[in-house]
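Residues in the sequence shown are numbered consecutively from 0, following numbering that gives the first Met the number 0.
The beta carbon of each residue, even a glycine, is placed where N, CA and C say it ideally should be.
For clarity, every value in this text was computed on a predicted model and none was experimentally measured.
To start, the structure itself, in structure tokens.
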Amino acid sequence: MEKKSHLLNITDFTKAEIVEMLNADINSSSELFAAADETKRLYVGSKVYFRGLVEFSNICSKDCFYCGIRKSNSNVHRYNLTDEEILEAASFAYENNYGSLVLQSGELASEQFADRIEYLLCEIKALSDNKLGVTLSLGEQTRDVYKRWFDAGAHRYLLRIETSNQQLYKRLHPASHSFEKRIDCLRILQNIGYQTGTGVMIGLPYQTIEDLADDLLFMQSFDIDMVGMGPYIEHEETPLYAHNDILWPIEKRFSMALKMIAILRILMKDINIAAATALQAIDPIGREKGVKAGANVIMPNITPGMYRNDYSLYQNKPCTDEEPAQCRGCLDARLSLADSEIGYGEWGDSKHYFRRMKK
Ligand code: SAM
Ligand code: SF4
Numbered sequence: 000m001e002k003k004s005h006l007l008n009i010t011d012f013t014k015a016e017i018v019e020m021l022n023a024d025i026n027s028s029s030e031l032f033a034a035a036d037e038t039k040r041l042y043v044g045s046k047v048y049f050r051g052l053v054e055f056s057n058i059c060s061k062d063c064f065y066c067g068i069r070k071s072n073s074n075v076h077r078y079n080l081t082d083e084e085i086l087e088a089a090s091f092a093y094e095n096n097y098g099s100l101v102l103q104s105g106e107l108a109s110e111q112f113a114d115r116i117e118y119l120l121c122e123i124k125a126l127s128d129n130k131l132g133v134t135l136s137l138g139e140q141t142r143d144v145y146k147r148w149f150d151a152g153a154h155r156y157l158l159r160i161e162t163s164n165q166q167l168y169k170r171l172h173p174a175s176h177s178f179e180k181r182i183d184c185l186r187i188l189q190n191i192g193y194q195t196g197t198g199v200m201i202g203l204p205y206q207t208i209e210d211l212a213d214d215l216l217f218m219q220s221f222d223i224d225m226v227g228m229g230p231y232i233e234h235e236e237t238p239l240y241a242h243n244d245i246l247w248p249i250e251k252r253f254s255m256a257l258k259m260i261a262i263l264r265i266l267m268k269d270i271n272i273a274a275a276t277a278l279q280a281i282d283p284i285g286r287e288k289g290v291k292a293g294a295n296v297i298m299p300n301i302t303p304g305m306y307r308n309d310y311s312l313y314q315n316k317p318c319t320d321e322e323p324a325q326c327r328g329c330l331d332a333r334l335s336l337a338d339s340e341i342g343y344g345e346w347g348d349s350k351h352y353f354r355r356m357k358k
């Protein structure tokens, strides 16, 4: 009989243990990946849930040093989908049984923006007979705005902490961007009742393995419901590009991201973990590898094809020349490679969230 891995009984790791696993060669990490896969099947099942991703605008008021659509990049062609285009994408997600939608954009903090999202949420709920789940990823907002959007039907929110190391956070952002504010926003989201998601970039300049271990422990101590984390990928037209000489090779950033997913799955067994698009930018079947490593959510891009090139956060962003229907076809075929079934038409909510709400 096959011996069960001791990792299956683990409920906590020390920082030193996490560092050791992250330092291990990917080829000697098969026990970790097998235990993460088994944990996923035991606690959240073997289904992968889709969130149709609509990147509806690349207009942003912030200036994060790593991001290709930052305000100060004047080489970006700025776009903003019309309400009709966004609702068409939502109908596509509904008709294709995606179960959920993610609305993502650059960060804007204005009354007009808040009203617009509230209106869109009501329309999306109406066109799908309340059946399409909605996740928002629209950056830092006030409690009032988060609450209005929640009341209008959004029930999940993704706001990455980017790195849990405050010093590193400061190096990655202008002085006006605040780590404390981000933490406050995450707390507010939890308090309002959102399924709350965060995440980090992996392989940033000046980031250490210890930082990454702390990131995982941060997610655990914050009792987060969902995580989307992926490799940092450089973009020439950003200030961080000047530090490219100290970056880990791209393969190392990729394998580190897979190990981060696997360790987190063992640490937080019943959360939702997304296989980030950045994995696919590095490896054509990167997201499927993410699923094998413990992820259970994929966010197929359903932004109309003509806008995709302009949402370039980093270089070689995948699928920028495809239409939404092509994306679905290619995912269907490839997920079967990861021995996973797609939870068509299901919300696939975070089981952890319901456990947290009962506390
Ligand atoms: N503006 C919102 C925000 O920042 O939360 C949502 C959109 S933003 C583009 C989504 C995520 O993209 C960020 O949280 C960040 O982690 C990621 N991102 C930005 N630049 C990246 C890069 N160069 N490599 C990998 N991920 C990147
Ligand atoms: Fe704007 Fe988000 Fe990019 Fe920062 S990461 S510049 S907030 S789009």
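{"Asked": "Lys-357 versus Ile-245 - alpha carbon distance", "Found": "45 Å"}
{"Asked": "Own chain partners of Val-144 with C-beta closer than 7 Å, once the 5 adjacent residues on each side are dropped", "Found": "Ala-113"}
{"Asked": "Distance, Ala-256 Cα to Ala-294 Cα", "Found": "11 Å"}
{"Asked": "For Pro-317 and Pro-283, the rounded distance between their alpha carbons", "Found": "8 Å"}
{"Asked": "Backbone CA spacing between Ile-160 and His-5 [nearest angstrom]", "Found": "31 Å"}
{"Asked": "Inter-residue spacing [alpha-carbon to alpha-carbon] between Leu-7 and Asp-269", "Found": "13 Å"}
{"Asked": "From Glu-235, Leu-263, Ser-349 and His-242, residue whose alpha carbon lies closest to that of Ser-311", "Found": "Glu-235"}
{"Asked": "Range covered by the beta strand (DSSP E) that runs through Thr-195", "Found": "194-197"}
{"Asked": "Three-way DSSP call (helix, strand, coil) for Asn-22 in this model", "Found": "helix"}
{"Asked": "Sequence-distant residues of the same chain with beta carbon closer than 7 Å to Asp-82, five excluded per side", "Found": "Leu-119"}
{"Asked": "Where the alpha helix (DSSP H) through Lys-291 begins and ends", "Found": "285-291"}
{"Asked": "Ile-260 to Ala-292 span [Cα, whole Å]", "Found": "6 Å"}
{"Asked": "Between the CA atoms of Met-298 and Ser-349 - distance to the nearest angstrom", "Found": "15 Å"}
{"Asked": "Inter-residue spacing [alpha-carbon to alpha-carbon] between Pro-204 and Pro-238", "Found": "12 Å"}
{"Asked": "Proximity of Leu-137 and Ile-116 at Cβ, strictly below 8 Å", "Found": "yes"}
{"Asked": "Ile-123 - containing alpha helix (DSSP H), residue span", "Found": "110-126"}
{"Asked": "First and last residue of the uninterrupted alpha helix (DSSP H) at Ser-90", "Found": "82-94"}
{"Asked": "Boundaries of the beta strand (DSSP E) in which Ala-241 is found, first to last residue", "Found": "Looking at the DSSP string, Ala-241 is not in any beta strand (DSSP E), and its letter there is neither H nor E."}
{"Asked": "Three-state class that DSSP yields for Lys-46 in the structure shown", "Found": "strand"}
{"Asked": "Proximity below 8 Å, CB of Ser-99 to CB of Val-133", "Found": "yes"}
{"Asked": "Range covered by the beta strand (DSSP E) that runs through Ser-220", "Found": "That residue, Ser-220, is in no beta strand (DSSP E); its alpha helix (DSSP H) goes 208-220."}
{"Asked": "heavy atom of the ligand SAM below 7 Å from Gly-202 C-beta", "Found": "no"}
{"Asked": "Supposed contact pair Val-43 and Thr-302 - C-beta distance, whole angstroms, cut 8 Å", "Found": "So it is not a contact: roughly 27 Å between Cβ atoms."}
{"Asked": "Nearest to Lys-288 (by Cα), restricted to the options Arg-155, Met-267, Leu-211 and Phe-32", "Found": "Phe-32"}
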